[in-house]
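Single-structure report; data block below.
Residue numbers (this note's numbering), protein chains in the order written: chain V, 1 to 453; chain X, 1001 to 1298.
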């Protein structure tokens, strides 16, 4: 009798299990799942994307959106793992230098109709064609932010220093601002703060300096050009610059450098995005939180350069070719770029998340924001660089570099960072370090089968 | 006849019971090892379905690559120094905690604490403590007049020492607990007899404690050396993603970076095969020691 009862209970349980599974499957069949990976670090911006997604779901009850926040430092690793497991998201943020690599491997879907929907003429030229390959668009920036050299305007004024225009003037500038204030023999204020803790930012600054020195990373045959004069001069500049940086600059994290800057331990920060203004507003002494104290200047020009360039942070949204909901993904992105939604998102990190649509970025609704009004000089500087097209995405030193399909691997290999560390920490000459890096990069490219020279 | 039938039935039943476990082990351990070995002979992209057979080229490239040898050297420095320090501190701690004193049980509990903490917490904690600008350690050192300038613990010159110190702090309790467990099983009569014979504490340690501990110590030494040589999390979390990470890069970190940063899965597989062989050598030595101990006990 007991056995029969047990069997009956077991049967009922199995029935529930099977029934549950069938029901789940049916409800999943009803709804299409749209998976999104986004790398925006600001919590407010993250919440804004989520809110936009929930509103989209209300309008499209058959679509369910799952958003996963990914650290951009982990993006490459996570994508690699996801691609090898065949479990990629439908929409993802990418770094511009990753796009060619992924597009050449046919991993991305074209989004021409999305660009049409946003309005081709309503996208800044600086970012519009960055993901244009063979006449098709494979991604579009979600917002833009440019780098500046930020500096303590008040200290520079006290010392009667002018804004440096060239690298040699900049070295003199930071030298004058490096000081032992209390006279105890230890430096209390350093001339420059560098994000040496992160290879990503060392690479970024190196590429930016090369651009401002009229140099390049690769020739037309994709052969590395690290031993060219313009790159060697960049390494010399690094060598001179770190003499005025804190001794622990190699472990300074990107965000930490703004705290160091805001709290008066450093005078200039060459890798500054407008995100820093938000940090300054939180960490600096209340009366100092103004652009008259924490100011920005355009990048100084290298000895072989004739104009300087800023780095433009403009991670594109891209749709994976393997997605089963490509149309739904495009619909969501169209919804995201709709003026009212887009504005709501971009305003979360004013100036750093500059809308890619001039009609939004230069419209009163965007500019009518107290924070933005306060830090207006920072926005003006960014917009002037964007309008003049004096901006380069990370690692894309020349316009044609967007076609290079191995920048993702080059960045991962840290060859550029190691080259900088060799001259700044290991006592090697710029020529020696460049030669070593050149050999490593050539080997890497050859191994990947991209050698064309 | 009937008994044989039952025995065979039991055997079949036992095999059925064991089958799922065997299946899981084959799928999750044996197959990946062989697949990894197979992959090491290919030039395989990390995520694309493209692979080209290249024979032993990955292994030859590894042997020619200075990055491999510097990682190997770092691994040896890290494994040897941390193992030796863990042994010294762990065994000394075990000897102290084996004595009778007030608060002994409390101290035994406290000593285990670093080993129980998750590695990620340990690293975050130590990175804060050792920060050159606002770290507590530099502050205390300067208060005591030991230093007049802050020590940059995470600089290229100091980062290996920092890694070693953190690892020793985190892992010495394993040595301590294992050695203490063995110490507690040494018969008290041996010490009593030695005392009657007038043997001083040093002699008692050399002639009684050490021989009794010998086998356990050798086992711990092997295990710790293997574990430290193949350690990934502590090294990676301390500076794996940072520029100075190159100064403490060990083979497990290099393997990870080759696979996920360089996207060279074939090369990553070859590196893990090399790591596996090192591990296997250690494991064989470990098993031999265990077998010898068992024979001695018999």
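No residue lacks a Cβ here, since even glycine has one placed at the ideal position from N, Cα and C.
- For residue 1053 of chain X, the three-state secondary structure derived from DSSP is strand.
- For residue 1149 of chain X, the closest Cβ of chain V is nearer than 7 Å.
- In this structure, residue 191 of chain V sits near residue 178 of chain V, with a CB-CB distance shorter than 7 Å.
- Close partners of residue 1046 of chain X in chain V (Cβ separation under 7 Å): 80 and 84.
- Non-local C-beta neighbours of residue 441 of chain V in its own chain, meaning closer than 7 Å and more than five positions away in sequence, comprise 224, 226, 410 and 415, ordered along the chain.
- Under the three-state reduction of DSSP, residue 1218 of chain X is assigned to helix.
- One finds 409, 412, 413 and 444 in chain V with Cβ atoms closer than 8 Å to the Cβ of residue 1262 of chain X, taken in chain order.
- With a beta-carbon spacing of about 7 Å, residue 391 of chain V and residue 309 of chain V fall inside the 8 Å limit used to define contacts.
- With respect to chain V, the C-beta atom of residue 1132 of chain X has a partner C-beta closer than 7 Å.
- Annotation: residue 315 of chain V to residue 162 of chain V spans about 34 Å, alpha carbon to alpha carbon.
- When C-beta distances to chain V are compared with 7 Å, the residues of the segment 1239-1255 of chain X below that value are 1241, 1242, 1243, 1244 and 1246, in chain order.
- Residues of chain X with a Cβ closer than 8 Å to the Cβ of residue 44 of chain V do not exist; the shortest Cβ-Cβ separation is about 25 Å.
- Between residue 153 of chain V and residue 256 of chain V, the alpha-carbon positions lie close to 20 Å from each other.
- In the DSSP assignment, residue 393 of chain V forms a beta bridge with V:312.
- Put simply, the CB of residue 247 of chain V is near chain X, with a gap under 7 Å to one of its CB atoms.
- Shortest Cα-Cα distance from residue 389 of chain V to any of V:324, V:307, V:448 and V:438 involves V:307.
- Here residue 378 of chain V is not near residue 212 of chain V, since their CB atoms are 7 Å or more apart.
- Per DSSP, residue 270 of chain V is one residue of the beta strand (DSSP E) stretching across 268-272.
- Scanning chain X for C-beta atoms nearer than 7 Å to the C-beta of residue 186 of chain V yields 1149, reported in chain order.
- For residue 231 of chain V, DSSP records no beta bridge to any residue.
- A check of alpha carbon separations from residue 1266 of chain X across X:1025, X:1012, X:1064 and X:1053 identifies X:1053 as the nearest.
- Proximity of the segment 1232-1246 of chain X to the segment 192-199 of chain V meets the contact definition, three or more beta-carbon pairs being nearer than 8 Å.
- Cβ neighbours of residue 398 of chain V within its own chain (closer than 7 Å, five residues either side excluded): 216.
- DSSP, read as helix, strand or coil, puts residue 1242 of chain X in coil.
- Of the residues X:1107, X:1059, X:1187 and X:1237, the one whose Cα lies closest to the Cα of residue 1274 of chain X is X:1059.
- Cβ atoms of residue 1112 of chain X and residue 1168 of chain X stay farther apart than 8 Å, at about 15 Å.
- Below 8 Å, enough C-beta pairs join the segment 33-41 of chain V and the segment 61-79 of chain V to call them touching: three or more.
- Closest option to residue 1172 of chain X, judged by alpha-carbon separation, among X:1205, X:1264, X:1088 and X:1062: X:1088.
- When DSSP states are grouped into helix, strand and coil, residue 1282 of chain X belongs to the helix group.
- Comparing C-alpha distances from residue 53 of chain V to each of V:420, V:328, V:372 and V:110 shows the shortest one belongs to V:328.
- Residue 1099 of chain X has a beta carbon lying at 7 Å or more from every beta carbon in chain V.
- Taking 4 residues as the shortest admissible run, the segment 317-355 of chain V contains the following complete alpha helix (DSSP H) segments, listed from N- to C-terminal end: 326-337 and 339-346.
- Selection V:362, V:180 and V:124 evaluated against residue 356 of chain V yields V:124 as nearest (Cα-Cα).
- Assigned with DSSP and collapsed to three states, residue 1191 of chain X falls in helix.
- The three-state reading of DSSP puts residue 77 of chain V in helix, counting H, G and I together.
- When secondary structure is reduced to three states using DSSP, residue 60 of chain V falls in the coil class, being assigned neither helix nor strand.
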